[in-house]
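Going by full-length UniProt numbering, the first residue of the sequence shown is number 2, and it counts up by one from there. In this text, a Cβ means the ideal position worked out from N, Cα and C, and glycines have one as well. Here the structure is a predicted model, which means the values were calculated and not measured.
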Amino acid sequence: ATQTDIRLVDLDDHGIDRAFRADVLEGLGSSRKAIPARWFYDDEGSRLFEDITRLPEYYPTRAETEILRERATDFAGLIGPGRAVVEFGSGSSVKTPLLLDAIDPGAYVPIDIAGDFLRESSAALAAKFPGLPVHPVEADFTSTVNLPPDLQGMAKLGFFPGSTIGNMVPRAAVDLLRTMRRTLGGDALLLIGVDLIKDIDVLTAAYDDAAGVTAAFNRNLLKRINRELDGDITIAAFAHRARWNDTYARIEMHLEARAEIAFTVAGRSFTMRAGETIHTENSHKFDLRSANTLLLAGHWTPVERWTDSEDRFSLILARA
Ligand code: AVJ
């Protein structure tokens, strides 16, 4: 294909609305309140996350970008040209071009749940790579995604950067890895980023920055609930918390009620005690063995791994 293609394969918006409502009502109704982290990424949340990646405390993006910059020759040799790069979660402005530059792909397929953000980032990417077919797909990639028929016969490289896999508890991560294998098909490869276990103060600061951007990102979930689910939550009544859970090897983010509070969402009433939290995110950290074990359980065989110069972050290449 010579023509740049930025058609958007459309997902049923009502499906997303219904899933958000169901997750929020179930999460707020449970005795330990929790809402899945994937709901952070409405258009505003996606923009706030981009701001997070530029924070001095938030090292993962810089560390991963360093690996992509330094190891282009390795990627070219191990991956080769002509593959369709399928990115799970739409590309940030910097990382994806580094990978595409390194391997000379046959097509680029970003999959994301946030449609408007996907449209913008796909258009920007297509402009940078004239002649590269770009096929954005608006979908929830935790279920098998039907890739555009134009890609049949092209081997796939899954790209899952940013340690997004760390947002899932191990059993969900394993399910997702197996789902990705189904989405990508036969002789696929997967290039996946995982954040490494390190000093707890460094980890905690990355999720509780001095400028308060991560706090705004966390609280944006409440704004989204108010707007999309007709809620009346007082946003300022909640404090942002980030804490290390050593048993699970993960940073947890919570929204903590500063005082007793009552609110309604979608016509339902909820109350919270002072100090009670809504658990909004897990960000699991790995060492190289736990990362390999996770991949193997997800039916992927590790082939090669790279870390940044300060051993903070790792990119792993695996084969189906
Ligand atoms: C994009 C999910 C990997 O867990 O580090 C950043 C999201 N949350 N700061 C992460 C996030 C708070 C990020 N991931």
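Open item on the list: Quick check: what's the CA-CA separation for residue 328 versus F21?
Closed with: The chain is shown from 2 up to 321; residue 328 falls before or after that span and cannot be answered.
Task: the ligand AVJ heavy atom lying under 7 Å from the CB of I53 - done: Flag set: Cβ of I53 near the ligand AVJ.
TODO: Verify the contact flag: E282, CB atom, against every heavy atom of the ligand ZN, threshold strictly below 7 Å.
DONE: Looking for the ligand ZN in the displayed structure turns up nothing; the ligands present are the ligand AVJ.
Open item on the list: Suppose only complete runs of 4+ residues qualify. What are the alpha helix (DSSP H) ranges in the region 139-215, listed by chain order?
Closed with: List check, alpha helix (DSSP H) in window: 171-185, 201-207.
TODO: Would you kindly check if the distance between the Cβ of T281 and the Cβ of I36 is under 8 Å?
DONE: In terms of Cβ geometry, I36 and T281 form a close pair [threshold 8 Å].
TODO: Could you work out which residue in L29, K96, G83 is closest to S164 when comparing CA atoms only?
DONE: Ranking the options by Cα distance to S164, first place goes to K96.
- [ ] Label G83 either buried or exposed according to how many other C-beta atoms from any shown protein chain fall within 10 Å of its C-beta, with 16 as the threshold for buried.
- [x] It is exposed - the Cβ of G83 has fewer than 16 other Cβ atoms within 10 Å.
Task: Beta-carbon contacts of R182 that lie in its chain and below 6 Å, excluding the five residues immediately before and after - done: Hits under 6 Å: H300, A321.
Task: Residue burial classification, A2 (beta-carbon count within 10 angstroms, cutoff 16) - done: Residue placement at A2 is flagged as unreliable, the pLDDT there being 33, under the threshold of 50; the coordinate-derived value follows with that caveat. Exposed is the call here.
- [ ] State yes or no: is the C-beta of M25 within less than 8 Å of the C-beta of I226?
- [x] As written in the sequence, residue 25 is Val, which differs from the Met given in the question. Yes, Cβ-Cβ distance for V25 and I226 is below 8 Å.
TODO: Assign E88 to one of three DSSP states: helix, strand, or coil.
DONE: Look at E88 here: in three-state DSSP terms it is strand.
Open item on the list: Give me the DSSP bridge partner(s) of L256.
Closed with: For L256, which the question treats as bridged, DSSP gives the partners H241, I279.
- [ ] Can you have a look at R39 and say buried or exposed, based on whether 16 or more other CB atoms are within 10 angstroms of its CB?
- [x] With 16 or more other CB atoms across the displayed protein chains lying within 10 angstroms of its CB, R39 is buried.
Task: Beta-bridge partners of S270, as assigned by DSSP - done: DSSP, once it has assigned bridges, lists T265 as partnering S270.
Task: Check whether N103 and F314 have beta carbons under 8 Å apart - done: Inspection of the sequence shows that residue 103 is occupied by Ala rather than by Asn. No, the pair does not count as a contact, with Cβ atoms beyond the cut-off.
Task: F130 in three-state terms, based on DSSP - done: In this structure, DSSP gives F130 a state outside helix and strand, which the three-state scheme calls coil.
- [ ] Rank V195, A140, T184 by C-alpha distance to the C-alpha of L152 and give the top, closest one.
- [x] L152 has its Cα closest to that of T184, out of V195, A140, T184.
TODO: Go ahead and label I201 buried or exposed: buried means 16 or more other beta carbons lie within 10 angstroms of its beta carbon, across all protein chains shown.
DONE: Residue environment for I201: exposed (fewer than 16 other C-beta atoms within 10 angstroms of its C-beta).
Task: Presumed contact (8 Å Cβ cut-off) between G107 and A124, rounded CB distance - done: With a contact defined as Cβ atoms closer than 8 Å, G107 and A124 miss out at about 20 Å.
Task: Straight-line gap, I112 to S122 (C-alpha atoms, nearest Å) - done: Going by the C-alpha atoms only, they are around 11 Å apart.
- [ ] Alpha carbon to alpha carbon, how far is T272 from A156? Give it in angstroms, no decimals.
- [x] Going by the C-alpha atoms only, they are around 51 Å apart.
Task: L218 beta carbon near the ligand AVJ (any heavy atom closer than 7 Å) - done: The residue you asked about is not Leu; residue 218 is Phe in the sequence shown. Within the cutoff, so yes.
Task: Rounded separation between L256 and E58 - CA only - done: Pairing L256 with E58, the inter-Cα distance amounts to about 20 Å.
- [ ] Decide if E71 is buried, meaning its Cβ has at least 16 other Cβ atoms within 10 Å, or exposed.
- [x] So E71 counts as exposed.
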